[in-house]
Every structure is written in C-alpha cells, then in structure tokens.
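Going by our numbering, the sequence shown opens with residue 680, and the numbers climb by one from there.
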Amino acid sequence: MAGTLAGALEARKIPTENNLVAHVEAKIRSEGKMFLIDSVHVGYQVTIPAGRRAETDRALASHENYCPVHQSIKRGFPITWSAEIKEEG
C-alpha cells in the first residue's frame, strides 16, 4: 500500500523520499496451533510541501483502489489506513 501511495504522490510531484513512513499493525488470533490475521491497519506519516494538501488528500483517497495488495487482502479480512500529514513551511 505504501508503494502505491508513494507512486500516487510522486505522480503529483510530491516527493516521498524521507517524507513517507508507514506503520503496520495487525490483529492476530490463535486458532489451535495456527495464528490467523483478523485485520490490518496501516498508519502513514506524510510530510508534504506547503500548499500541497489537496493533492495529497486526493492521493490518499484513491490509493487503496489501485493497490493490488489492498485489493487482495480485503477479500480475507479488513484492512484500514489513516494518515498524519505534516505540511512544511
């Protein structure tokens, strides 16, 4: 998902190198001798240039629709995301 978001931001000329961090959290349960994933949450920290919030919001709003990982995983269990955006300047 982070790769897809990075691509969406870069397409909008918003640099992501050292400006995009993703933290992934999974809820896991034990079922017998097996561990199963119940859900995944991806939290992004994005630093953007001043005045680029609207483009960033559009990239965030659409990135999961174009991410093959998200589209595959959501069939088995919920996957959500959130973003903390810091605007420079």
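For glycine and all other residues, C-beta sits at the position ideal for the given N, C-alpha and C.
A quick note: this is a predicted structure, and the numbers were derived from the prediction, not measured.
Going by CA-CA distance only, name the one from the options that's closest to residue i.
i      : options                           : result
Glu704 : Phe714, Met713, Ser718 and Asn697 : Ser718
Ala690 : Trp760, Ile758, Thr735 and Ile707 : Thr735
Ala701 : Ser709, Ser751 and Ala681         : Ala681
First and last residue of the beta strand (DSSP E) that includes residue i?
i      : result
Arg708 : Leu699 to Glu710
Thr726 : Met713 to Ile727
Check for me: the alpha helix (DSSP H) holding residue i runs from which residue to which?
i      : result
Gly686 : Ala681 to Ala690
Pro747 : Pro747 to Ile752
Glu734 : Arg732 to His742
Would you list the one or two residues that DSSP bridges to residue i?
i      : result
Lys765 : Thr726
Thr759 : His720
Would you kindly check if the distance between the Cβ of residue j and the Cβ of residue i is under 8 Å?
i      : j      : result
Thr726 : Asn698 : yes
His720 : Thr683 : no
Quick one: measure Cβ to Cβ for residue i and residue j, integer angstroms, because I've assumed they're closer than 8 Å.
i      : j      : result
Ile693 : Pro728 : 7 Å
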